[in-house]
Amino acid sequence: MVRTLKDQWFALALGATALIALFWLELLAT
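Number 70 marks the last residue of the sequence shown (the numbering used here); no jumps.
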């Protein structure tokens, strides 16, 4: 249970970082 929860948080953090990076790329590209 702990491992799956950790993996979920890791995936969530990774996804959030990717979304923020894409957002900034789009923002700076304009």
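Glycine residues also receive a C-beta, built at the ideal position from the N, C-alpha and C atoms.
Residue i (DSSP reduced to helix, strand or coil)
| i | result |
| --- | --- |
| D70 | This sequence places Thr at residue 70; Asp is not what is there. Of the three classes helix, strand and coil, the one that applies to T70 here is coil, per DSSP. |
Below-8 Å beta-carbon distance, residue i vs any chain C residue
| i | result |
| --- | --- |
| F50 | No chain C appears in the structure shown, which is made up of a single protein chain. |
7 Å Cβ shell around residue i - same chain, five flanking residues per side excluded
| i | result |
| --- | --- |
| L67 | none |
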